[in-house]
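Asker:
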Amino acid sequence: MENKLNKKGRITPTQTMNILNSGGIHVTVEEAKAILEFMKKIANIAVSKYLQT
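The numbering used here puts the first residue of the sequence shown at -9, with every later residue one more than the last.
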């Protein structure tokens, strides 16, 4: 599998768009950016909840 991360180890909106498009989910770069922001929020909530218990 090819490396999908940028220099900071993060996936870019363009890479997200390409990955989703290749899976048949067509999104714009702006939509991909919103998806990434949402996923970061969900990940932060999950980690916070895990650390509270």
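Cβ coordinates follow ideal geometry from the N, Cα and C atoms, glycine included.
Compare the beta carbon distance of V17 and T6 with 9 Å and say whether it is the shorter of the two.
Answerer: Stepping through the sequence shown from its first residue, residue 17 is reached at position 27. Stepping through the sequence shown from its first residue, residue 6 is reached at position 16. Their beta carbons are under 9 Å apart, which means V17 touches T6 by this criterion.
Asker: Would L41 and A22 qualify as a contact pair, given that the criterion is a beta-carbon distance under 9 Å?
Answerer: What you label residue 41 is simply residue 51 of the sequence shown in a count that begins at 1. What you label residue 22 is simply residue 32 of the sequence shown in a count that begins at 1. Cβ distance not < 9 Å, so L41 and A22 don't count as in contact.
Asker: What residues in its chain sit with their C-beta under 8 Å from that of L26, if we drop five residues either side in the sequence?
Answerer: Counting from 1 along the sequence shown, the entry for residue 26 is found at position 36. Same-chain partners within the cutoff: I1, P3 and T6.
Asker: Quick check: what's the CA-CA separation for G14 versus A36?
Answerer: Counting from 1 along the sequence shown, the entry for residue 14 is found at position 24. Counting from 1 along the sequence shown, the entry for residue 36 is found at position 46. When rounded, the distance between both Cα atoms is 28 Å.
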